[in-house]
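Peer 1: Below: one structure in structure tokens.
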Amino acid sequence: MNLSMADVGKAYVVDSIRGRDKVQRQLGNMGLIPGAQVRLLSSLHHNYIILLNQTRLGISRELLDKVQVHPQESTEEESEIQGGFFRENFT
């Protein structure tokens, strides 16, 4: 699924980046590479904020449509840690 279709607040893992070399390079420079863990924080008018490597990034829907992801399967302990980080820094 595309990252732009992801549920807000859930963790995902990047599968692949589609698009031309320039787009792949641009997203790769941001850290969106296969295997990276990412969380969609919010969406507003085709603009998105994602959490990637403890950094919030603003990105357009056009670019997020190029990022293929799958839900991250985590243990209950990891979810609590990630959830605590999410609540602590973004409320």
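Numbering-wise (this note's numbering), the sequence shown opens with residue 353 and increments by one.
Glycine included, each C-beta is placed from N, C-alpha and C at the ideal position.
In terms of residues, what are the limits of the beta strand (DSSP E) holding R408?
Peer 2: In the sequence shown, residue 408 corresponds to position 56, counting from 1. T407 to S412 is the extent of the beta strand (DSSP E) around R408.
Peer 1: Please report the straight-line C-alpha distance between Y400 and S356, rounded to a whole angstrom.
Peer 2: The residue given as residue 400 occupies position 48 in the sequence shown. The residue given as residue 356 occupies position 4 in the sequence shown. Between Y400 and S356, the C-alpha separation is close to 8 Å.
Peer 1: Where V360 and I385 are concerned, what is the direct C-alpha to C-alpha distance, given to the nearest angstrom?
Peer 2: For the purposes of this step, residue 360 is identified with residue 8 of the sequence shown, where counting begins at 1. For the purposes of this step, residue 385 is identified with residue 33 of the sequence shown, where counting begins at 1. Spanning the two alpha carbons is a distance of roughly 20 Å.
Peer 1: Could you have a look at R372 and say whether DSSP puts it in helix, strand or coil?
Peer 2: In the sequence shown, the residue the question calls residue 372 occupies position 20. Of the three classes helix, strand and coil, the one that applies to R372 here is coil, per DSSP.
Peer 1: Here's the rule I'm using: 16 or more other beta-carbon atoms within 10 Å means buried, otherwise exposed. How should K362 be labelled?
Peer 2: For the purposes of this step, residue 362 is identified with residue 10 of the sequence shown, where counting begins at 1. The residue in question, K362, is exposed, as its Cβ has fewer than 16 Cβ neighbours within 10 Å.
Peer 1: Identify which residue in I369, N354 and V365 has its Cα closest to the Cα of L404.
Peer 2: By 1-based counting over the sequence shown, the position of residue 404 is 52. The candidate whose alpha carbon is nearest that of L404 is V365.
Peer 1: So S395 is in the beta strand (DSSP E); what residue range does that whole segment cover?
Peer 2: As a working note, residue 395 is residue 43 in the sequence shown. Run containing S395: Q389 to L396, per the beta strand (DSSP E) assignment.
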